[in-house]
Every structure is written in structure tokens, then in C-alpha cells.
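Peer 1: Sharing a structure here in C-alpha cells format.
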Amino acid sequence: MARPPKERMVEKLPPMSHYKPAGTPLCGLEEVVLTVDEMEAIRLIDIEQLDQSEAAKRMGVSTPTINRMANLAHQKIASALWQGCALRIEGGNFRLARHGKSGLRNFTCKTCNHRWTLPHGTGQRGHDLSCPACEAFTVSRDDEDNGKN
Ligand SMILES: [Zn+2]
């Protein structure tokens with residue numbers, strides 16, 4: 014039996030979990046599914062522009078692993094775009110990083126129990142946020158009662 018893969022550290026959840034082509038029916042193929050940890054790999058490498066060894070450290074994986082994840086993510090995104098497929102970001106083997114140092118705030122949606130994080134200093138407060146998953150305004154901050162400080 015294969016050893017279960019190690020959990021990858023994810024600092025931010027993607028703001029949206031589902032994309033589909035505008036104005037056209039979905040392609041006949043199944044949706045392309047990108048995992049949250051693959052998305053984090055390309056966020057660190059393509060958006061934060063970290064080099065692969067630095068990005069690997071942030072996610073707690075080896076450099077070859079993050080290289081593989083980023084390649085796979087690029088391949089999936091490119092094929093979704095070229096085939097006109099919907100793209101869904103979900104699942105994967107990851108754990109959300111909770112570290113006070115970088116000032117991430119944790120939110121929970123009371124409607125659908127979706128959880129996500131936002132960095133401090135974005136000017137957004139719990140009461141004017143809507144849930145990225147279901148768009149309800151029933152969002153609570155849940156980093157005040159974790160008792161870890
Ligand atoms: Zn929700």
C-alpha cells in the first residue's frame with residue numbers, strides 16, 4: 014500500500030473555487046480539477062515569484078515535489094483554457110497554515126462552513142465580507158477564540 018503523501022502547507026485559499034467559460038456551454042469533457050495545494054504552488058512561484066526551493070520550504074515539501082505540482086497545475090490550466098473547460102479548485106492534500114507572524118486571519122461561513130484566510134491589512138472586516146464559496150454574508154472571524162496566543 015502506498016504511503017499517504019505528506020500534507021502540504023497552504024497559506025491562502027484561492028478566492029474562487031470554480032471558473033467557467035463565459036457565454037459558451039461547458040465543454041463535453043469533464044471539468045478540470047486543480048487541487049488547492051497545486052494552486053498554492055503556482056501562487057508562490059508565479060505570483061509571489063519565489064524560486065522553487067523557497068516555495069518548497071513555505072509548503073513544507075521538497076523542491077522536486079513543488080516543481081512537479083507547479084508543472085501539473087500549469088498543464089491543467091492550459092488545457093482547461095484551450096479546451097474551453099470549466100476549472101474547479103478543490104481538494105488536495107494540504108493543511109492551512111495558521112501563523113500569527115504573517116497576520117493571516119481566519120474566516121468561517123456560517124451558511125456553508127467554508128473556511129478561508131485573508132492577510133491583515135486588506136481593509137476587509139468580517140461583517141462586510143461575503144463567503145467566497147456561497148456568497149452569503151454570514152461570515153465570522155474565528156481567530157479570536159483559538160486560544161493559541
Ligand atoms: Zn458560504
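This note's numbering numbers the first residue of the sequence shown as 14 and each following residue consecutively.
The beta-carbon is built from N, C-alpha and C at its ideal position, and this holds for glycine as well.
Starting from the Cα of Glu20, find the closest Cα among Leu94, His127, Asn119 and Asp50 and give me that residue.
Peer 2: Distances from the CA of Glu20 to each of Leu94, His127, Asn119 and Asp50 were compared; the closest alpha carbon is that of Asp50.
Peer 1: Starting from Ser92, follow the alpha helix (DSSP H) in both directions and report where the run begins and ends.
Peer 2: Note, Ser92: alpha helix (DSSP H), Thr76 to Gln96.
Peer 1: Is the segment 97 to 107 touching the segment 119 to 133 in the sense that three or more CB pairs, one from each, lie closer than 8 Å?
Peer 2: no
Peer 1: Using the Cβ count rule (16 or more neighbours within 10 Å means buried), how would you classify Lys89?
Peer 2: buried
Peer 1: Closest to Glu24 by CA distance: which of Gly36, Thr76 and Arg71 is it?
Peer 2: Arg71
Peer 1: Tell me the DSSP secondary structure of Glu103 in three-state form.
Peer 2: Three-state result, Glu103: coil.
Peer 1: Taking only the alpha-carbon atoms, compute the straight-line gap between Glu43 and Tyr32 and give it to the nearest angstrom.
Peer 2: 13 Å
Peer 1: In angstroms, rounded to a whole number, what distance separates the CA positions of Thr76 and Gln65?
Peer 2: Cα to Cα, Thr76 sits roughly 6 Å from Gln65.
Peer 1: So Val152 and Phe120 are supposed to be a Cβ contact under 8 Å. How far apart are they, rounded?
Peer 2: 5 Å
Peer 1: Residues around ligand 1, please: the ones whose beta-carbon is closer than 6 Å to some heavy atom of it, in chain order.
Peer 2: The answer, residue by residue, is Cys122, Thr124, Cys125, His127, Cys144, Ala146, Cys147 and Ala149.
Peer 1: Between Ile55, Ser30 and Ile58, which lies nearest to Val45 when the distance is taken from Cα to Cα?
Peer 2: Ser30
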